Amino acid sequence: MSRKLLLEHINVPGIHTLDVYRQKGGYRAVEKALKTLTPDEVVEEVKKSGLRGRGGAGFPTGMKWSFLAKPEGVARYLVCNADESEPGTFKDRYLMTHIPHALIEGMIVSSFALGAKTSFIYVRGEMMPQIRILEKAIAEAKNAGFLGKNILGSGYDLELYVQPGGGAYICGEETALLESLEGKRGNPRIKPPFPAIAGLYGCPTVVNNVESIAAVVPIINDGGDEYAKVGIGRSTGTKLISASGNLVRPGVYEIELGLPVEEFIYSDEWCGGIANGKRLKATVAGGSSVPVLPANLSLKLANGEPRLMSYESLSEGGFATGTMMGSGGFIAFDEDQCMVRNTWNFSRFYHHESCGQCSPCREGTGWMEKVLHRIEYGHGKMSDIDLLVDVSKKIEGNTICPLGDAAAWPVASAIRHFRDEFEWHVKNPQLSLDTNYGLANYAEPIAKAVSTEN
Amino acid sequence: MLKVEEQQPVQFSSALVEKFEEIVKRYPEGKQKSALLPILHEVQAELGWLSPNAMDKVAEYLRIEPIEVYEVASFYSMYFLKPQGKYVLEVCRTGPCCLVGAEKLMGHIEKSLGVKENEVTPDGLFSWRGVECLAACGYGPVLQIGPEYTFYENLDEKKVDDLIQDLRKK
Chain C
431 MSRKLLLEHI NVPGIHTLDV YRQKGGYRAV EKALKTLTPD EVVEEVKKSG LRGRGGAGFP
491 TGMKWSFLAK PEGVARYLVC NADESEPGTF KDRYLMTHIP HALIEGMIVS SFALGAKTSF
551 IYVRGEMMPQ IRILEKAIAE AKNAGFLGKN ILGSGYDLEL YVQPGGGAYI CGEETALLES
611 LEGKRGNPRI KPPFPAIAGL YGCPTVVNNV ESIAAVVPII NDGGDEYAKV GIGRSTGTKL
671 ISASGNLVRP GVYEIELGLP VEEFIYSDEW CGGIANGKRL KATVAGGSSV PVLPANLSLK
731 LANGEPRLMS YESLSEGGFA TGTMMGSGGF IAFDEDQCMV RNTWNFSRFY HHESCGQCSP
791 CREGTGWMEK VLHRIEYGHG KMSDIDLLVD VSKKIEGNTI CPLGDAAAWP VASAIRHFRD
851 EFEWHVKNPQ LSLDTNYGLA NYAEPIAKAV STEN
Chain V
328 MLKVEEQQPV QFSSALVEKF EEIVKRYPEG KQKSALLPIL HEVQAELGWL SPNAMDKVAE
388 YLRIEPIEVY EVASFYSMYF LKPQGKYVLE VCRTGPCCLV GAEKLMGHIE KSLGVKENEV
448 TPDGLFSWRG VECLAACGYG PVLQIGPEYT FYENLDEKKV DDLIQDLRKK
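Residue numbers (the numbering used here), protein chains in the order written: chain C, 431 to 884; chain V, 328 to 497.
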C-alpha cells in the first residue's frame, strides 16, 4: 500500500467529528506550531517540504507564503480556495465531506504562520452540504479552544469563516475569488499587484487550495524534510487524484507522486482498468484545462519510458507530447468516446464560464464552441479545423487570467493529437452523427499497453 | 416556499434579518458588501428566486446601490432571476458526466417532466436545467436540488423516476 498523509483515517467511523479526529492524532500540528514554533519556523518547514500548490498552478506554497507583505498595523488574510470547479476535479469536496477537521487544522496552522487573525474558506455555493459540515466542524473546534481568542494559551487569536460562492468557475482564479469575497462579480484583477501585496480589502492576502492547506498538517507533524522524502524529485509528497470517466473504479485516490500512469489506471489498488472491458482511447490528466493525450502518450513518454504521475513527468515533452498535472483531475476516455464531441462540450463550458472581461476569451470561446458544434453536427468544413487552431492561438496568452489559456489548450491539443478524427467528421457528416471514429490509429500502441496489464 | 410574483412587495421576516446580521458580523467594519452572496442565497432559499423587489431590499439592507446587487445576481449561475419550480433539478452536463450518460439522462428528465429546460411544470412543482461541472465527476451522472443542494449521484433513469415520484408525494 502506498503512503497516505491526508486520507489515512478516511474510513474511520466518525472521523468527521472532532473527538474521533483527535483520537487519531488530530490537532497535534496546532499544538506543535502554536506552542513550540514561531510563525517563521512554520513557513520554513513548509518551504523545506517542497509542497507545490495543489489547485492547479503547482507554485511552491512556502515561497508564496514568503512573498506576503507584512506592513505594521495592516490586517493580513488567509483565504482557502474551495471553489473546486475544474471539470474532472472533486477531491476537495471529498476531503471536506469526510475529514473537515484536516482542513480546519491546516487553516489554523497556516493562519498562524502568516499572522492572519481572520481567515475565510471560500466554498463554491453548490457545495451547501459541505458548507454545513465545515460550519459544524468550526463550531466544534471553537468549543475545544482551537479557534477564537488566545488559542491554547498562546496569545494567538483567530476567527475562521465559511463563505459561499454563487456558482462561477472563474472564482477559482485567486483574484476573482477575492472580488467575489468582497461581494462583487468574479472578474479577475490585473496583476501586479499580487494578492500577497494587495489582496482582500486591499490587504496582504494568501490564497491556497484546500488540499495544499490540509497538507500543511502532516508537514508540521513530521517536519518538512520528512514530507520531502515522499514522492519523486521536485514533486514531493502525496497528491489527491480525482479519477473519472470510463474507469472500473472512479473516485478520489491519494497517491505518492511518481506512480506510473499505467499502474494508476489498470492496477486493482487504484482505478482497476477501463470499464466494461473497453480499451483506453485518451486521458485528460489534470482537469479539463490541460492538454488531452491519446492513450499511447498517456502511458508512455515519446521516448518510450513510462509516464509517471508527477509534475515533471506529466509535462515531459511540452505540449507536443505532454500535458500537465493541473489539479489532478484524471479523466479516462474509452474507445467509444468522440473527441470532437468532448472538445465541443469543454468549449461550451469555457464559453459559459468566461467572465467577459477580455475580448479574446469572451468572443473566442464562443467562436470555438460554435465551430466545434457545427463539426460535431455534420456541418463542418475542412478549413474549420485550422480556424479552431487559429482562434485558440489568439486567445492563449492574451487575457488577464488563465481561463483563456485553459479554454484554448483542450481545443489545440485535441486537434494536435486527434486531427484525423476531426477530418473524418468533416468528410463523413452523416456517418459521424450515428457512429464513432473509435480507436483507429491509436489502437496499435494501446494494444501493447493492454498486454502489459495481463 | 412562498412564491413571489414579479411586482409583489417583499418584506424580509425577522428570522431572515437575524441571519443577515450574523453574516455581516464576519467582515470588518464597512465591508458589509461581502455579505452579498451569502445573503442572496438566504433570500433565494426563502422566496424561491430573486425578484427585483427582493434585490432592492437587499441593497437597502447592505447600504449599497441596487445595481451592485443586480450585477452580482446576474453574474453567478446559482441565482434565479425568474420564478422556478418548487424543485429545480440541476443536472451536470459537463464532459466527465457526459462520458457516463448525462446527456441521455437530461433527455429522460425532459420527457418525464414534460417541460423543456428552464420551463416550469404546470403544477409549479418542477423545473430542470443543465448546469456546468458540479465537482462530483467520479459519481456521475449527478444532479442537485436547492436550496440545500442535496446531491444525487450515480443516477440512471430508474433512480431519477423514483426521485421525481418521491418529490411529488412530499
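Virtual Cβ for every residue (Gly too), placed ideally from N, Cα, C.
Keep in mind the model is a prediction, meaning the values are calculated, not measured.
Measuring alpha carbon to alpha carbon, tell me which of V:Asp493, V:Arg353, V:Ala381 ends up nearest glutamine 338 of chain V.
Here residue 338 of chain V corresponds to residue number 11 of the second sequence, with the count starting at 1. Checked all of V:Asp493, V:Arg353, V:Ala381; the closest Cα to glutamine 338 of chain V is V:Ala381.
Whose C-alpha, out of V:Gly467, V:Asp489, V:Leu494, V:Gln492, is nearest the C-alpha of asparagine 481 of chain V?
What you label residue 481 of chain V is simply residue 154 of the second sequence in a count that begins at 1. Comparing Cα-Cα distances from asparagine 481 of chain V to each of V:Gly467, V:Asp489, V:Leu494, V:Gln492, the minimum goes to V:Gly467.
Could you please tell me which residues of the segment 739-758 of chain C, in chain order, have their CB closer than 7 angstroms to any CB of chain V?
none
Can the beta-carbon of alanine 644 of chain C be found closer than 7 angstroms to that of leucine 436 of chain C?
The residue labelled residue 644 of chain C in the question sits at position 214 within the first sequence. The residue labelled residue 436 of chain C in the question sits at position 6 within the first sequence. Yes, the Cβ-Cβ distance between alanine 644 of chain C and leucine 436 of chain C is below 7 angstroms.
Using 8 angstroms as the Cβ pair cut-off and three pairs as the minimum, do the segment 805-817 of chain C and the segment 848-857 of chain C touch?
yes
Within 10 angstroms of its Cβ, does arginine 484 of chain C collect 16 or more other Cβ (buried), or is it exposed?
Within the first sequence, numbered from 1, the residue matching residue 484 of chain C stands at position 54. The residue is buried, with at least 16 neighbouring Cβ atoms inside 10 Å.
Determine the chain C residues that contact leucine 363 of chain V at a beta-carbon separation under 7 angstroms, and present them in chain order.
As a working note, residue 363 of chain V is residue 36 in the second sequence. By Cβ distance, chain C contributes Gly613.
Helix or strand or just coil, what does DSSP make of leucine 731 of chain C?
Within the first sequence, the letter at position 301 stands for residue 731 of chain C. When DSSP states are grouped into helix, strand and coil, leucine 731 of chain C belongs to the coil group.
Can you give me, in chain order, the residues of the segment 446-475 of chain V that have a beta carbon less than 8 angstroms from any beta carbon in chain C?
Val458, Glu459, Cys460, Leu461, Ala462, Ala463, Cys464, Gly465, Tyr466, Gly467, Gln471, Gly473, Pro474, Glu475
So, with DSSP's three-state summary, where would you put threonine 661 of chain C?
Within the first sequence, numbered from 1, the residue matching residue 661 of chain C stands at position 231. Rather than threonine, the amino acid found at residue 661 of chain C in this sequence is glycine. Looking at glycine 661 of chain C - three-state DSSP - the assignment turns out to be strand.
Which partner residues does arginine 804 of chain C have in the DSSP bridge list?
On the first sequence, position 374 is the one that residue 804 of chain C refers to. None, per the DSSP bridge assignment.
Under a three-way DSSP split, which group does aspartate 864 of chain C fall into?
In the first sequence, counting from the first residue as 1, residue 864 of chain C sits at position 434. Residue state, collapsed to three classes: helix.
Decide if phenylalanine 848 of chain C is buried, meaning its Cβ has at least 16 other Cβ atoms within 10 Å, or exposed.
Translated into the one-based positions of the first sequence, residue 848 of chain C becomes position 418. Classification of phenylalanine 848 of chain C: buried, given that the 10 Å Cβ count is 16 or more.
Within 10 angstroms of its Cβ, does glycine 758 of chain C collect 16 or more other Cβ (buried), or is it exposed?
Along the first sequence, one-based indexing puts residue 758 of chain C at 328. Glycine 758 of chain C should be labelled buried.
Assuming phenylalanine 763 of chain C and isoleucine 815 of chain C make a contact with CB atoms under 8 angstroms, what is their CB distance in whole Å?
By one-based count along the first sequence, residue 763 of chain C stands at place 333. By one-based count along the first sequence, residue 815 of chain C stands at place 385. Cβ atoms of phenylalanine 763 of chain C and isoleucine 815 of chain C stay farther apart than 8 angstroms, at about 20 angstroms.
For the alpha helix (DSSP H) holding cysteine 425 of chain V, just list the boundary residues, first then last.
In the second sequence, the residue the question calls residue 425 of chain V occupies position 98. That run of the alpha helix (DSSP H) goes 422-426.
Any idea what DSSP makes of arginine 482 of chain C, helix, strand or coil?
Against the first sequence, residue 482 of chain C aligns to sequence position 52. Three-state DSSP puts arginine 482 of chain C in a strand.
Flag phenylalanine 520 of chain C as yes if its beta-carbon sits less than 7 angstroms from any beta-carbon of chain V, otherwise no.
Here the question's residue 520 of chain C lines up with position 90 in the first sequence. Yes, phenylalanine 520 of chain C lies at the interface with chain V (some Cβ there is under 7 angstroms from its Cβ).
If we count Cβ pairs, one from each stretch, closer than 8 angstroms, do we get three or more for the segment 691-704 of chain C versus the segment 504-519 of chain C?
The segment 691-704 of chain C vs the segment 504-519 of chain C: no contact.
Alpha carbon to alpha carbon, how far is lysine 572 of chain C from isoleucine 529 of chain C? Give it in angstroms, no decimals.
Taking the first residue of the first sequence as 1, we reach residue 529 of chain C at position 99. Taking the first residue of the first sequence as 1, we reach residue 572 of chain C at position 142. About 17 angstroms.
Quick one: is arginine 353 of chain V near chain C, going by C-beta distance under 7 angstroms?
Position 26 of the second sequence, counted from the first residue, corresponds to residue 353 of chain V. Interface residue, yes.
Check the Cβ of glycine 428 of chain V against every Cβ in chain B and list those closer than 7 angstroms, keeping chain order.
The question asks about chain B, but that chain is absent: this structure's protein chains are C and V.
For the segment 471-479 of chain C against the segment 586-596 of chain C, do three or more pairs of beta-carbon atoms, one drawn from each stretch, fall closer than 8 angstroms, so that the two count as touching?
no
Starting from valine 682 of chain C, find everything on chain V with Cβ-Cβ shorter than 9 angstroms and list it in chain order.
Taking the first sequence and counting its residues from 1, the one referred to as residue 682 of chain C is at position 252. Result: Gly465.
Answer with buried or exposed for proline 618 of chain C, where buried requires no fewer than 16 other C-beta atoms within 10 angstroms of its C-beta.
Taking the first residue of the first sequence as position 1, residue 618 of chain C is located at position 188. Buried is the call here.
Compare the C-beta of methionine 558 of chain C with all C-beta atoms of chain V and state if any pair is closer than 7 angstroms.
Translated into the one-based positions of the first sequence, residue 558 of chain C becomes position 128. Yes, because at least one Cβ of chain V sits closer than 7 angstroms to the Cβ of methionine 558 of chain C.
Could you check whether phenylalanine 749 of chain C and proline 840 of chain C sit closer than 7 angstroms to each other, using their CB atoms as the reference points?
Here residue 840 of chain C refers to the residue found at position 410 when the first sequence is read from its first residue. Here residue 749 of chain C refers to the residue found at position 319 when the first sequence is read from its first residue. Against a cut-off of 7 angstroms, the Cβ pair of phenylalanine 749 of chain C and proline 840 of chain C comes out as no contact.
Taking 7 angstroms as the CB-CB limit, is serine 784 of chain C close to chain V?
Counting from 1 along the first sequence, the entry for residue 784 of chain C is found at position 354. So no, serine 784 of chain C is outside the interface.
Taking only the alpha-carbon atoms, compute the straight-line gap between glutamate 395 of chain V and threonine 605 of chain C and give it to the nearest angstrom.
In the second sequence, residue 395 of chain V corresponds to position 68, counting from 1. In the first sequence, residue 605 of chain C corresponds to position 175, counting from 1. The straight-line gap from Cα to Cα measures roughly 19 angstroms.
Can you say whether threonine 477 of chain V is buried or exposed, counting buried as having 16 or more other CB atoms within 10 angstroms of its CB?
Locating residue 477 of chain V in the second sequence gives position 150, where the first residue counts as 1. Result: exposed.
Got a sec? Which residues, its chain only, sit under 6 angstroms from alanine 598 of chain C by beta carbon, not counting five neighbours each side?
Translated into the one-based positions of the first sequence, residue 598 of chain C becomes position 168. Correct list, in chain order: Gly616.
Comparing the C-beta of alanine 725 of chain C with each C-beta of chain V, is any distance below 7 angstroms?
Locating residue 725 of chain C in the first sequence gives position 295, counting from the first residue. Output row for alanine 725 of chain C: interface = no.
Between isoleucine 350 of chain V and the rest of its own chain, which residues show a CB-CB distance below 7 angstroms, the 5 nearest in sequence each way excluded?
On the second sequence, position 23 is the one that residue 350 of chain V refers to. If we look at isoleucine 350 of chain V and ignore the five residues flanking it on each side, its Cβ neighbours are Ala362, Pro365, Ile366.
I'd like to know whether the C-beta of glycine 486 of chain C is nearer than 7 angstroms to at least one C-beta of chain V.
Here residue 486 of chain C corresponds to residue number 56 of the first sequence, with the count starting at 1. False, the Cβ-Cβ gap to chain V never drops below 7 angstroms.
Return the bridge partner residues of methionine 739 of chain C from the DSSP annotation.
Looking up residue 739 of chain C in the first sequence gives position 309. Answer is C:Leu689.
Around the Cβ of glutamate 345 of chain V, are there at least 16 other Cβ atoms within 10 angstroms (buried) or fewer (exposed)?
Along the second sequence, one-based indexing puts residue 345 of chain V at 18. Note on glutamate 345 of chain V: under 16 other CB atoms within 10 angstroms of its CB, so exposed under the neighbour-count rule.
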